[in-house]
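Quick mapping for you: the protein sequence lines, in order, are chains A and B.
60 is the number of the first residue of the first sequence in my numbering; add one for each residue after it.
20 is the number of the first residue of the second sequence in my numbering; add one for each residue after it.
We treat Cβ as the ideally placed atom computed from N, Cα and C, and that holds for glycine.
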Amino acid sequence: MNDMTNQRVLRLELLAAKIRRNTLDICMQRGGYAGQGVALADVAACLYFDEMRDDGEGWFYDRFILSNGHDAIMTYGALAEHGSYSMEDLRTYNADGTWVDQSPIEGQLGFEITAGSLGQGPSQTAGIAWGERMKGNNKRMYCLFSDGELQEGNVWEAAMFAAHQKLSNMVWIIDNNDLQATSRTQDVLGVEPVPEKFASFGCFARRVDGHSIPDILAAFAEAKTITDRPYVMVLDTRIFAGIDCLEEALPRAHYVAKHQADWDAGLAEINATITNLERQING
Amino acid sequence: MLLADQTAIHAAPFDEISFDLCSRRKDVVMMSADLSKYCQIIQVKNELPDQHLDVGMAEQNLISVAAGVAKAGFVPVATTFACYATRRAYDQMMICMGTGPLTSIVLGFTPGIANPARIHHQAAEDLGMVRAIPDTTVIDPMDMTEFQQAMNVAVDTPGLVYMRGHRGNTPVLLDPAKYRFELGKTYRLKEGGGVGIVSTGHASQWALEASAILDAKGVPHSLLHVPTIKPANEDEIADFCFEHKTIVTVENHQIVTGLGSLVTEIVSDIGGGPKIKRIGIPNQWAPGGTLGYIREQLGLDAPTLASRIEEAAQ
Chain A
60 MNDMTNQRVL
70 RLELLAAKIR
80 RNTLDICMQR
90 GGYAGQGVAL
100 ADVAACLYFD
110 EMRDDGEGWF
120 YDRFILSNGH
130 DAIMTYGALA
140 EHGSYSMEDL
150 RTYNADGTWV
160 DQSPIEGQLG
170 FEITAGSLGQ
180 GPSQTAGIAW
190 GERMKGNNKR
200 MYCLFSDGEL
210 QEGNVWEAAM
220 FAAHQKLSNM
230 VWIIDNNDLQ
240 ATSRTQDVLG
250 VEPVPEKFAS
260 FGCFARRVDG
270 HSIPDILAAF
280 AEAKTITDRP
290 YVMVLDTRIF
300 AGIDCLEEAL
310 PRAHYVAKHQ
320 ADWDAGLAEI
330 NATITNLERQ
340 ING
Chain B
20 MLLADQTAIH
30 AAPFDEISFD
40 LCSRRKDVVM
50 MSADLSKYCQ
60 IIQVKNELPD
70 QHLDVGMAEQ
80 NLISVAAGVA
90 KAGFVPVATT
100 FACYATRRAY
110 DQMMICMGTG
120 PLTSIVLGFT
130 PGIANPARIH
140 HQAAEDLGMV
150 RAIPDTTVID
160 PMDMTEFQQA
170 MNVAVDTPGL
180 VYMRGHRGNT
190 PVLLDPAKYR
200 FELGKTYRLK
210 EGGGVGIVST
220 GHASQWALEA
230 SAILDAKGVP
240 HSLLHVPTIK
250 PANEDEIADF
260 CFEHKTIVTV
270 ENHQIVTGLG
280 SLVTEIVSDI
290 GGGPKIKRIG
300 IPNQWAPGGT
310 LGYIREQLGL
320 DAPTLASRIE
330 EAAQ
């Protein structure tokens, strides 16, 4: 890895660590989907701070569509670093009466669709991608959804449509964490092999280590070389990956209540990671 | 506002409406789930292919892709049969289209008993389902004139708009030169005291047929056509109802949750109103067959309908 590449990766690793810290900070107030937010910090750092282009007005030119509402915690952690949300506001997450929804409604900053009813993001993103292409612009669309959502038929209807329409301006990112609401995905209703399924539907699909920033960046770069099909990134992730003590303690936590996690130990670990990364970056 | 000559028929209403609309409005996209031919979207598909999008036989995809098309700056018109739009894709209508401000139109064809295939192709509960969604617009036009004008209004109405469509031989009853569809407005098609008849959509055609028979029999009556089911014009509906001792509602929809329910809700909230008789599809499976046959089976053919209205007035 040359110096420039190394600096790019280190910068994103630092941002990912800060997104992890923001996630803990938000969820330790009243509980939340902390494990997912921490696990998705790597792809969030790549997406919000490297892949999506600026619109020159403080927002993004490309469009991100969140399909699984509970992963809003990832967006919150990232947009706090972006400066478009304050941590003061985000600490009201999960409080009665707050506008910072756990699973936001269409129109809240950063959320293009109402995403709580699962399996509806891929098709809406495909509709957006069709429309943006019809307008003749070069915007790129990114949709995050979960392995559990693959059990919804609407996702596969969308895959057929997107492949038929050759929507190569769209990347689907699947949070393949083998976890859904009540148990491991493989125990509830197995969805693997995920890349092969999407490939057979006519998409370009690749399995990617969700905790390797170089691999995620390489996949985003590869997606731009595919010009006749949608790109599906099957992102293998682990709940709480990047904060070892919490990954060990709560490996299958779909939702973390306030009292379940040792937030102080997690914060201490991620703060040490941040200090270490800052030291490496500053030489 | 009614034409003196009530015999004009349009054979393919939505072919003309969709082509006219898409020719004028380049931001409108006609969408289908493999039923364009059966909803009569012919010219747009052949001559304006950039404004026609087929998602295959997948109604949940139809509605959710359409919601995305709206989010890219277009005005989607998602067309399918009313039964599939509402029953199969209700959640997508409510969540993908219904929670935001962007214009998204769902057009439900062959509503109520206007489909020869029984039960699975008939939508006897669509109006009730959709009017339960907050902030939604629900329109049931009565003829070609109103269908065309309501579509022109719908493409500039924010949020989810659900409208019932007409296909095949459709009468032209309202005078295009004199009638103006306005969202939320009700229309007094006949002022005559006696029993007050409130109708919507296809059933306003049936009410006019029954009206001719009642006139011949010398039974005094009035007709109120209510094309906008939501937002309902409660004041105009209440004013009409309280001018009569007996109200009969007529609808191509179950008498549960539709127009009859809407009228009774409005009147009972005020209290002390007229007797209200609801006529429509009973809360039971309707038969299949030709529309004429099904109407006879359900007591909705013109002579039986006129008799039922007359009985209710006594």
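For residue i, three-class secondary structure by DSSP
{"i": "residue 153 (chain A)", "result": "coil"}
{"i": "residue 209 (chain B)", "result": "strand"}
{"i": "residue 95 (chain B)", "result": "strand"}
{"i": "residue 32 (chain B)", "result": "helix"}
{"i": "residue 294 (chain B)", "result": "strand"}
{"i": "residue 119 (chain A)", "result": "strand"}
{"i": "residue 142 (chain B)", "result": "strand"}
{"i": "residue 318 (chain A)", "result": "coil"}
{"i": "residue 215 (chain A)", "result": "helix"}
{"i": "residue 167 (chain A)", "result": "coil"}
{"i": "residue 271 (chain B)", "result": "strand"}
{"i": "residue 268 (chain A)", "result": "strand"}
{"i": "residue 158 (chain A)", "result": "coil"}
{"i": "residue 190 (chain B)", "result": "strand"}
{"i": "residue 204 (chain B)", "result": "coil"}
{"i": "residue 49 (chain B)", "result": "strand"}
{"i": "residue 179 (chain B)", "result": "strand"}
{"i": "residue 309 (chain B)", "result": "coil"}
{"i": "residue 329 (chain A)", "result": "helix"}
{"i": "residue 197 (chain B)", "result": "coil"}
{"i": "residue 220 (chain A)", "result": "helix"}
{"i": "residue 250 (chain A)", "result": "coil"}
{"i": "residue 118 (chain B)", "result": "coil"}
{"i": "residue 113 (chain A)", "result": "strand"}
{"i": "residue 180 (chain A)", "result": "helix"}
{"i": "residue 285 (chain A)", "result": "coil"}
Amino acids of chain A, ordered along the chain, whose beta-carbon sits closer than 8 Å to that of residue i
{"i": "residue 72 (chain B)", "result": "189"}
{"i": "residue 83 (chain B)", "result": "179, 182, 183, 186, 213, 217"}
{"i": "residue 154 (chain B)", "result": "Ordered by position in chain A, no residue passes the 8 Å Cβ test against residue 154 (chain B), which lies about 12 Å from the chain."}
{"i": "residue 93 (chain B)", "result": "190, 193"}
{"i": "residue 90 (chain B)", "result": "171, 172, 183, 186, 187, 190"}
Cross-strand partners of residue i (DSSP beta bridge)
{"i": "residue 128 (chain B)", "result": "B:100"}
{"i": "residue 172 (chain A)", "result": "Per DSSP, none; premise fails for residue 172 (chain A)."}
{"i": "residue 303 (chain A)", "result": "Bridge partners of residue 303 (chain A): none, in fact."}
{"i": "residue 231 (chain A)", "result": "A:202, A:291"}
{"i": "residue 243 (chain B)", "result": "B:207, B:217"}
{"i": "residue 256 (chain A)", "result": "Paired residues: none, contrary to the question."}
{"i": "residue 78 (chain A)", "result": "According to DSSP, which records beta bridges pairwise, residue 78 (chain A) is partnered with nothing at all."}
{"i": "residue 157 (chain B)", "result": "B:181, B:249"}
Nearest residue (CA-CA) to residue i, options the options
{"i": "residue 203 (chain A)", "options": "A:195, A:185, A:242, A:196", "result": "A:185"}
{"i": "residue 281 (chain A)", "options": "A:271, A:265, A:249, A:296", "result": "A:265"}
{"i": "residue 223 (chain B)", "options": "B:134, B:127, B:267, B:288", "result": "B:267"}
{"i": "residue 229 (chain A)", "options": "A:260, A:296, A:199", "result": "A:199"}
{"i": "residue 294 (chain B)", "options": "B:312, B:285, B:300, B:248", "result": "B:285"}
{"i": "residue 422 (chain B)", "options": "B:118, B:36, B:131, B:288", "result": "What is shown of chain B runs 20 to 333, which leaves residue 422 (chain B) out entirely."}
{"i": "residue 111 (chain B)", "options": "B:51, B:55, B:179", "result": "B:179"}
{"i": "residue 117 (chain A)", "options": "A:135, A:141, A:234", "result": "A:141"}
{"i": "residue 126 (chain A)", "options": "A:285, A:100, A:181, A:237", "result": "A:181"}
{"i": "residue 233 (chain B)", "options": "B:71, B:327, B:32", "result": "B:327"}
{"i": "residue 168 (chain B)", "options": "B:108, B:207, B:276, B:35", "result": "B:35"}
{"i": "residue 262 (chain B)", "options": "B:275, B:217, B:137", "result": "B:217"}
{"i": "residue 223 (chain A)", "options": "A:247, A:263, A:212", "result": "A:263"}
{"i": "residue 48 (chain B)", "options": "B:79, B:86, B:57, B:27", "result": "B:86"}
{"i": "residue 25 (chain B)", "options": "B:225, B:177, B:60, B:149", "result": "B:225"}
Interface partners of residue i on chain B, CB under 7 Å
{"i": "residue 134 (chain A)", "result": "Within 7 Å Cβ-Cβ: nothing; residue 134 (chain A) doesn't reach chain B, min ~17 Å."}
{"i": "residue 220 (chain A)", "result": "74, 75, 80, 84"}
{"i": "residue 165 (chain A)", "result": "118, 119"}
Interface partners of residue i on chain B, CB under 8 Å
{"i": "residue 347 (chain A)", "result": "Nothing about residue 347 (chain A) can be read from this structure; chain A reaches only from 60 to 342."}
{"i": "residue 208 (chain A)", "result": "Residues of chain B passing the Cβ test: none, with the nearest at roughly 13 Å."}
Whole-number beta carbon distance between residue j and residue i, since they are thought to touch under 8 Å
{"i": "residue 70 (chain A)", "j": "residue 97 (chain A)", "result": "In fact, because the Cβ distance is near 19 Å, the residues do not count as touching under 8 Å."}
{"i": "residue 163 (chain B)", "j": "residue 125 (chain B)", "result": "20 Å between Cβ atoms; not a contact."}
{"i": "residue 294 (chain A)", "j": "residue 232 (chain A)", "result": "6 Å"}
{"i": "residue 183 (chain A)", "j": "residue 83 (chain B)", "result": "5 Å"}
{"i": "residue 127 (chain B)", "j": "residue 145 (chain B)", "result": "6 Å"}
{"i": "residue 206 (chain A)", "j": "residue 244 (chain A)", "result": "5 Å"}
Interface residues of chain B facing residue i [CB-CB closer than 9 Å]
{"i": "residue 128 (chain A)", "result": "None at all; the shortest Cβ gap to chain B is about 10 Å."}
{"i": "residue 176 (chain A)", "result": "110, 111, 113, 114, 115"}
Contact list for residue i against chain A, beta-carbon separation under 9 Å
{"i": "residue 69 (chain B)", "result": "193"}
{"i": "residue 178 (chain B)", "result": "Simply none; closest approach about 11 Å."}
Partner residues on chain A for residue i, Cβ-Cβ distance less than 7 Å
{"i": "residue 215 (chain B)", "result": "Correct list: empty, because the minimum Cβ distance to chain A is about 41 Å."}
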